[in-house]
Amino acid sequence: MKFWRFLSYERPHLLVLLSVVAVVALVFMTDPSVSWRWSTVLYACALALLIAAGYTLYRYAQSASAIRRMDEEETRPLSMEAAAYREAMEQMERRHILALNEAKAQQLEHYHFVVSWFHEIKTPISVLRLMQQTRIDPASLEEELTRIEHYVDQALYYAKLDSFSQDYEIGAVELEPFMKGIVRRHAKTFISRKIRIEFRMEPRLTVQSDPKWLQFIADQVITNSLKYTGEHGEIVVSTRAFAQEKQLVIRDNGIGIEAKDMPRVFNRGFTGTNGRQAQAKSTGMGLYLAQELSNRLGHYMTCSSVAGAYTEMVIHFPKHHDPHWMMRRGDRSREDRD
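Quick note, the sequence shown lines up with residues 681 to 1018 if you use my numbering.
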């Protein structure tokens, strides 16, 4: 830093100092009870200016040294403003590092999902190729096509997750016919696996949601239940109505989830100990996407399970959660981050 540039920054302090010296000299000169001489006044002013010059040179040396060593964390701020600027920059740096780490984590998760998705989609395609060479069973063909459709839907909704608020339409959804329609899509799998389906739903029970997104959420749960329920198993779809909320409950008597895995059920990429032992093909993204979409709609999901006995997934529809308001709040929070 050049000395003249430094003086331009220090000008207010120097002017204040000169003003103080001038005021003190003026007071002495105008007080009739005080005897003074010009030589004394000039000496005092010269001494004050000498002290000011020495202090200014000291400050300049400090500033120049601090600028040369500004990359060192131990550098001490030279003023309250400098300390405030440093703190603000450090906070900005921390936020930047946090955002960068989050972006890297999302990029890595996206990579793992894509790789896993490609591996999973190859399985039904390979089965279809084998069917070309043998006698095609229509039921098996339908089942493999349903699997492909499921994986494609999963990838599509995963890609749409960030632009969710631009593609929704809230309306009244009557749960009983809605869920029967979803189960009907998996009829071939229910029949081929000899899995029994039972509905215990309150007639004409409606909730406020987006039918398309809610269909994807419920379909993920049904698909999971079918995947981890053995032959001759049972899946029960029911509803519960309370003063504060309505619930859609999907329960199966499949392999269940280990207690140690329960806190991670809705994590990205979760398959669980029992899922790996059962060698069930899965991207581990279904329940994560279902929970994410539920939250954005103003709903939420919970899970209870006992390994080897049952798994129960519950979609909660709180009475006082307005899906329209949740969408607007999501838009505002994204604008704030941007």
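Note that the Cβ used here is the ideal one computed from N, Cα and C, for glycine as well.
In this text, all values refer to a predicted model and were calculated from it rather than measured experimentally.
Alpha carbon of ARG1017 to alpha carbon of TYR908, nearest angstrom: Within the sequence shown, numbered from 1, the residue matching residue 1017 stands at position 337. Within the sequence shown, numbered from 1, the residue matching residue 908 stands at position 228. Confidence at ARG1017 is low in this model, with a pLDDT of 48, below 50, so its placement is unreliable and no value can be given for it.
Between which two residues does the alpha helix (DSSP H) containing ARG873 stretch? Reading the sequence shown from its first residue, position 193 is the one you call residue 873. Counting along the chain, the alpha helix (DSSP H) containing ARG873 begins and ends at 867 to 873.
How many Å lie between LEU906 and GLN924 at the Cα? Numbered from its first residue, the sequence shown carries residue 906 at position 226. Numbered from its first residue, the sequence shown carries residue 924 at position 244. If you take the alpha carbons of LEU906 and GLN924, they lie about 31 Å apart.
Under a Cβ-count criterion, where at least 16 other Cβ atoms within 10 Å of its own Cβ denotes burial, should GLY936 be classed as buried or exposed? Counted from its first residue, the sequence shown places residue 936 at position 256. The residue is buried, with at least 16 neighbouring Cβ atoms inside 10 Å.
Going by C-alpha distance, which of GLY851, PRO891, ASN933 is nearest GLU878? Against the sequence shown, residue 878 aligns to sequence position 198. Measuring from the Cα of GLU878, the nearest candidate turns out to be ASN933.
Do you know whose CA, among GLY964, SER889, VAL945, GLU914, lies nearest LEU928's CA? Taking the first residue of the sequence shown as position 1, residue 928 is located at position 248. It is SER889 whose Cα lies nearest to the Cα of LEU928.
Sub-8 Å separation of PRO891 and VAL853 beta-carbons: Here residue 891 refers to the residue found at position 211 when the sequence shown is read from its first residue. Here residue 853 refers to the residue found at position 173 when the sequence shown is read from its first residue. Result yes, Cβ atoms of PRO891 and VAL853 sit closer than 8 Å.
LEU969 (DSSP reduced to helix, strand or coil): In the sequence shown, the residue the question calls residue 969 occupies position 289. The answer is helix: DSSP assigns LEU969 an H, G or I state.
Could you tell me the alpha carbon to alpha carbon distance between THR919 and PHE997, rounded to whole angstroms? Locating residue 919 in the sequence shown gives position 239, counting from the first residue. Locating residue 997 in the sequence shown gives position 317, counting from the first residue. When rounded, the distance between both Cα atoms is 11 Å.
Less than 8 Å between the CB atoms is what I'm expecting for TYR838 and LEU977, so what's the real figure, rounded? Locating residue 838 in the sequence shown gives position 158, counting from the first residue. Locating residue 977 in the sequence shown gives position 297, counting from the first residue. Not quite, the Cβ-Cβ distance comes to about 16 Å (not below 8 Å), so this is no contact.
DSSP state of VAL807, grouped into three classes? One-based indexing of the sequence shown puts residue 807 at position 127. Residue state, collapsed to three classes: helix.
Quick one: does PRO943 have its CB under 8 Å from some CB of chain B? The structure shown contains no chain B, having only a single protein chain.
Helix, strand or coil at VAL986 according to DSSP, with G and I counted as helix: Here residue 986 refers to the residue found at position 306 of the sequence shown. DSSP places VAL986 in strand when its eight states are reduced to three.
Unbroken alpha helix (DSSP H) run spanning ALA939, endpoints: By 1-based counting over the sequence shown, the position of residue 939 is 259. First-last for ALA939: undefined, no H or E at that position.
ILE995 bridges to which residues according to DSSP? The sequence position of residue 995 within the sequence shown is 315, counting from 1. DSSP, once it has assigned bridges, lists LEU928, MET981 as partnering ILE995.
Best match in GLU849, GLY851, TYR848, ILE805 for proximity to TYR831 [C-alpha to C-alpha]: As a position in the sequence shown, residue 831 is number 151, starting the count at 1. Among GLU849, GLY851, TYR848, ILE805, the Cα nearest to that of TYR831 is on ILE805.
Closest by C-alpha distance to VAL994, when choosing among GLN971, GLY988, VAL986: Within the sequence shown, numbered from 1, the residue matching residue 994 stands at position 314. Answer by Cα proximity: GLN971.
Would you decide whether ILE930 is buried or exposed? Buried here means 16 or more other CB atoms lie within 10 Å of its CB. Along the sequence shown, read from residue 1 onward, the residue named residue 930 stands at position 250. It is buried - the Cβ of ILE930 has at least 16 other Cβ atoms within 10 Å.
Would you give the residue range spanned by the beta strand (DSSP E) that PHE879 belongs to? Mapped onto the sequence shown, residue 879 falls at position 199. Run containing PHE879: 876 to 880, per the beta strand (DSSP E) assignment.
Does the separation of the CB atoms of VAL834 and GLY966 fall below 8 Å? As a working note, residue 834 is residue 154 in the sequence shown. As a working note, residue 966 is residue 286 in the sequence shown. The identity of residue 834 in the sequence shown is Gln, whereas the question assumes Val. Cβ atoms of GLN834 and GLY966: closer than 8 Å.
Select from PHE708, GLY734, VAL701 the residue whose C-alpha is nearest the C-alpha of CYS725. To locate residue 725, count along the sequence shown from 1; it is residue 45. Checking every option, the nearest Cα to that of CYS725 belongs to VAL701.
According to DSSP, ILE915 sits in a beta bridge with which residue or residues? If you number the sequence shown from 1, residue 915 lands on position 235. Looking at the DSSP assignment, ILE915 forms a beta bridge with ILE877, ASP932.
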